[in-house]
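See below for the structure under consideration.
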Amino acid sequence: MLQDLRFTWPGRASFGLSVPEFWIGQGQSVLLLGESGSGKSTLLSLICGIVTADRGRVEVGGCDLSTLGAGARDRFRAERIGVIFQQFNLLPYASVADNIQLPLRFAPERRNRAAPEEAAALCAALGLPEGITGTTAGRLSVGQQQRVAVARALIGQPPLIVADEPTSALDAAAQDSFLGLLFDQIAATGASLLMVSHDERLGARFDRVLRLADIASTERAVA
Amino acid sequence: MILRLALGSLLARALTVGMTILAIALSVALFLSVEKIRTGARASFADTISGTDLILGARSGSVQLLLYSVFRIGNATNNVTWQSYQDIASRKEVDWIVPISLGDSHRQFRVMGTTQAFFEHYRYRGGRPLEIGQGHGLKDLYDAVIGAEVAATLGYAVGDPIVVSHGLASFSEHDDQPFRVAGIIGRTGTPVDRTVIVSLAAIEAVHVDWRSGAQIPGQATPVDRIRQMDLTPTAITAALVGVKSRLQIFGLQRWINEYPEEPLLAILPGVALQELWQIVGVAESALVAVSAMVVVTALLGLMAMIFSSLNERRREMAIWRAMGARPATILGLLVLEAALMAAIGAVLGLALLYAGLVIARPLVDSAFGLWLPIGLPTARELSVLAAVIGAAAISSLLPALRAYRLSLADGMMVRI
Numbered sequence: 003m004l005q006d007l008r009f010t011w012p013g014r015a016s017f018g019l020s021v022p023e024f025w026i027g028q029g030q031s032v033l034l035l036g037e038s039g040s041g042k043s044t045l046l047s048l049i050c051g052i053v054t055a056d057r058g059r060v061e062v063g064g065c066d067l068s069t070l071g072a073g074a075r076d077r078f079r080a081e082r083i084g085v086i087f088q089q090f091n092l093l094p095y096a097s098v099a100d101n102i103q104l105p106l107r108f109a110p111e112r113r114n115r116a117a118p119e120e121a122a123a124l125c126a127a128l129g130l131p132e133g134i135t136g137t138t139a140g141r142l143s144v145g146q147q148q149r150v151a152v153a154r155a156l157i158g159q160p161p162l163i164v165a166d167e168p169t170s171a172l173d174a175a176a177q178d179s180f181l182g183l184l185f186d187q188i189a190a191t192g193a194s195l196l197m198v199s200h201d202e203r204l205g206a207r208f209d210r211v212l213r214l215a216d217i218a219s220t221e222r223a224v225a
Numbered sequence: 005m006i007l008r009l010a011l012g013s014l015l016a017r018a019l020t021v022g023m024t025i026l027a028i029a030l031s032v033a034l035f036l037s038v039e040k041i042r043t044g045a046r047a048s049f050a051d052t053i054s055g056t057d058l059i060l061g062a063r064s065g066s067v068q069l070l071l072y073s074v075f076r077i078g079n080a081t082n083n084v085t086w087q088s089y090q091d092i093a094s095r096k097e098v099d100w101i102v103p104i105s106l107g108d109s110h111r112q113f114r115v116m117g118t119t120q121a122f123f124e125h126y127r128y129r130g131g132r133p134l135e136i137g138q139g140h141g142l143k144d145l146y147d148a149v150i151g152a153e154v155a156a157t158l159g160y161a162v163g164d165p166i167v168v169s170h171g172l173a174s175f176s177e178h179d180d181q182p183f184r185v186a187g188i189i190g191r192t193g194t195p196v197d198r199t200v201i202v203s204l205a206a207i208e209a210v211h212v213d214w215r216s217g218a219q220i221p222g223q224a225t226p227v228d229r230i231r232q233m234d235l236t237p238t239a240i241t242a243a244l245v246g247v248k249s250r251l252q253i254f255g256l257q258r259w260i261n262e263y264p265e266e267p268l269l270a271i272l273p274g275v276a277l278q279e280l281w282q283i284v285g286v287a288e289s290a291l292v293a294v295s296a297m298v299v300v301t302a303l304l305g306l307m308a309m310i311f312s313s314l315n316e317r318r319r320e321m322a323i324w325r326a327m328g329a330r331p332a333t334i335l336g337l338l339v340l341e342a343a344l345m346a347a348i349g350a351v352l353g354l355a356l357l358y359a360g361l362v363i364a365r366p367l368v369d370s371a372f373g374l375w376l377p378i379g380l381p382t383a384r385e386l387s388v389l390a391a392v393i394g395a396a397a398i399s400s401l402l403p404a405l406r407a408y409r410l411s412l413a414d415g416m417m418v419r420i
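Structure (C-alpha cells):
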C-alpha cells in the first residue's frame, strides 16, 4: 500500500514521481500498465525498499518501509518479496539450484520456511526438465531462465511477488504458458502479485488492471 | 554458498581471471626466487671460508685484508716478513698456519703461492674440503693446481703448460719458467675457482732474477740451478691460521695485533665477512625492491581487471541487490574474489618456484657455485604470500567501493 507518496531521484531533479494512493490486497494480482519511461521501475524500487520516498508511506505487509534502515530494508526485501526481472534474471555462472536458493542466503526466516526439496519441486511444477538444478544457468534457454526466475521468486513463499515485464523476452505462445505457470504457483502459495507491463493483452488473468498514469503523476523537466 | 558463487563467477571469466592469476603467480615466483637467491648468495658468501680462525696480514683494514686474502680482490698494502710468520707459526696456540703469497697473475686470474697445507685446511660451505677433481696436488716445483673456472674459461686440462705473468695485468711474463697444470679443483663457488695455485717456493723461484719488480737485464739463472737453491721466501702476503682451542682466538689475535716487530693485523673471517656483506647488501635491497615492484604491478593489474569488469557486472549486482544482498555484501564479494585470485596466484607462484628450483638448482650450482636449498617454505616466504593476498584484498577495495556506490545508485534497475 502506497499513500501520499512523493519521490525524486537524488541528484536528478529532472524526474519525480508522486503517487497519491495505491494498494494491493492480500492474494490479489494486479497488472500495472505503463509505457516505458513512465516510472514503473521507480515504483517497483520504492516498493522493494531499494530507494526511499522523500515523503509519504510505503507499507508492505503492514510494515512501513520508511521506518527501516537500509540494511533492514534489504533484509525485509529478501524475506518478503520475490522479484522477477524482464530478462537476465539469473547469475549465469551459478547452478540453477544456487540461483533459486540465492534469496534464502539473505533471509533466514524464509530459509526456514523453504523445504529442502523445494527448489527441485518448484522446477518440476514449472515444467522444467528433471535434473536441471545442477545445470549452469547461463546454458538455459530464455524461457527456461524465466521459469527458474519464477522458482527463485516463489521459494520460501514470500507474501509479495514483484515482476517487471517478465514476459517481454518471450514470444506470444511462451508468454501464455509462462503466465499460466506463474498464476498456478502464486495461487498455490497465496502470494500477492504486482506485475508491470506495457502489454495490455496480459490483463485478462489479473484481478485488477491499472494504468500507472491513473494512480501516479510524473514530473519531467523539458529536456 | 557465497564462496561457491565467487568461484563460479571467476570460472565464468576464466580467460581474464586466468591471465590476472598468471601475472600474480609469475610476480610471486619472481619475488620468492629473488629471496631464495638472496639468502642462498648470502649463505654462500658467508661460506666462502670456514674452519679458519684468523687471517693474518700487514696492517690495513679488516675488509681489505679479507678482500685480497680470500676474495683476491685488490692488493695488499704491505707484506708480512718470513721472520714474523715464523714467530707466529711457533706460537703454542697455533694449530696450523697456511702462508699465502699473492701478486702474480695468469691471464685474468690471480696466482697464489701457498703450501700443500692449504689443501688440508681450507674449508668452505660449512667445513667442506677442497677436492682435486683431476690430477694431483702440488708435487713438483713447477706444478700448478687450477680452480674449476680457470680450467673452464681457458680450456685447460691436466698437463697443459702455464706461464705466469709478473704482477697483475702486466706484460712481463715469467716465460723462462713455465708451469704445468698438475690438478684441477672441483667447483666450490668460492674465489678458489678463479685461482691458480702454485707452491710458495715456486713464487720465489720465478722471482730469482728479479729485483724491484723488473728482471735484472742479462741475468737468467738456469732452471736446474734454481731447483737447487734455497727457495725460502723472505716475505708472504697473508696467512690463514687455525688455533688449537677457540678460547685462544682472541688472545692470539691480540698478540698479533700488538706484535712489536712489525705492524700486523689479524682478523676473524666471520666478522669481516659480515662487515663486507653490509657493503654488498645495498644491491641486495635494490633487488628485493625491484621484485616487490613487480608484485605491486601485478596487483595493479588485478585492480584494473576488477574495475573493467564492473560495468559488465552491473546487471549481476542488480540481481544480488534484488535478492536482498546489501551493498556491503557486494563489496565483500568483490574483495573475496580478489583474495581468491591472489591466493590461487600465490600458490601457483610457489609451485612455479619449486619447479624452477628443481630444474635450475644443478645448473646454478655448477655455473655459479650457488647452492639453493629446497625446503618447506620459510616463515618469511609464507608471510610474503599472506602479504600478497592481503594486499590484493586491500587493492580490490577501490573497485569494490565503486561497485558499492554503483549498486546503491542502480538498485535493481540497470538498463542494458
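Line order of the protein sequences matches chains A and B. Counting in the numbering used here, the final residue of the first sequence is number 225, and the numbers go up one at a time with none missing. Counting in the numbering used here, the final residue of the second sequence is number 420, and the numbers go up one at a time with none missing. Built from N, CA and C at the ideal position, the CB exists for glycine as well. None of these values were measured; they are calculated from a predicted model.
CB contact below 8 Å: residue i versus chain A
i	result
E341(B)	no
R198(B)	no
I323(B)	yes
E320(B)	yes
G328(B)	yes
M5(B)	yes
S13(B)	yes
Residue i - DSSP class collapsed to helix/strand/coil
i	result
S400(B)	coil
L374(B)	coil
L1(B)	Residue 1(B) is absent from the structure shown; chain B starts at 5 and stops at 420.
W324(B)	helix
L33(A)	strand
W25(A)	coil
P165(B)	strand
V74(B)	helix
I217(A)	helix
V224(A)	Here V224(A) scores only 44 on pLDDT, less than 50, and its place in the model is too uncertain to base an answer on.
V185(B)	strand
T20(B)	helix
H125(B)	helix
A329(B)	coil
G310(B)	This sequence places Ile at residue 310(B); Gly is not what is there. DSSP places I310(B) in helix when its eight states are reduced to three.
D51(B)	coil
Pairwise C-alpha distance: residue j and residue i
i	j	result
P331(B)	R325(B)	7 Å
S20(A)	I393(B)	49 Å
S396(B)	F78(A)	What sits at residue 396(B) in the sequence shown is Ala, not Ser. In a straight line, the C-alpha of A396(B) is about 33 Å away from that of F78(A).
S94(B)	Q87(B)	11 Å
V211(A)	P105(A)	29 Å
Q159(A)	I25(B)	41 Å
G151(B)	D57(B)	23 Å
L367(B)	L361(B)	10 Å
A116(A)	M309(B)	38 Å
R319(B)	F90(A)	8 Å
N101(A)	A329(B)	13 Å
G18(A)	D56(A)	10 Å
L134(B)	I53(B)	11 Å
P22(A)	G58(A)	9 Å
CB-CB length for residue i against residue j, believed under 8 Å
i	j	result
M233(B)	V202(B)	Between V202(B) and M233(B) the Cβ distance is about 16 Å, and since that is not below 8 Å, they are no contact.
A186(B)	A148(B)	6 Å
V84(B)	A239(B)	6 Å
T138(A)	A99(A)	Actually they are not in contact, since the Cβ atoms of T138(A) and A99(A) sit about 11 Å apart, beyond 8 Å.
D108(B)	I207(B)	7 Å
A213(A)	P161(A)	Rather than Ala, the amino acid found at residue 213(A) in this sequence is Arg. Actually they do not touch by this definition, with Cβ atoms about 25 Å apart.
G44(B)	W375(B)	6 Å
I49(A)	V60(A)	6 Å
Residue-level contact to chain B via CB, residue i, 8 Å cutoff
i	result
I157(A)	no
N114(A)	no
R77(A)	yes
F208(A)	no
I26(A)	no
A80(A)	yes
L45(A)	no
R141(A)	no
D100(A)	yes
L19(A)	no
L70(A)	no
Return the chain-ordered ranges of every beta strand (DSSP E) run that is complete within the region 157-210 of chain A and spans a minimum of 3 residues. Segments of the beta strand (DSSP E) lying fully in the region 157-210 of chain A: 162-166 and 194-199.
Please go through the region 86-131 of chain B and give each complete alpha helix (DSSP H) segment of 4 or more residues, from N-terminal end onward. The region 86-131 of chain B contains these whole alpha helix (DSSP H) runs: 86-93 and 121-125.
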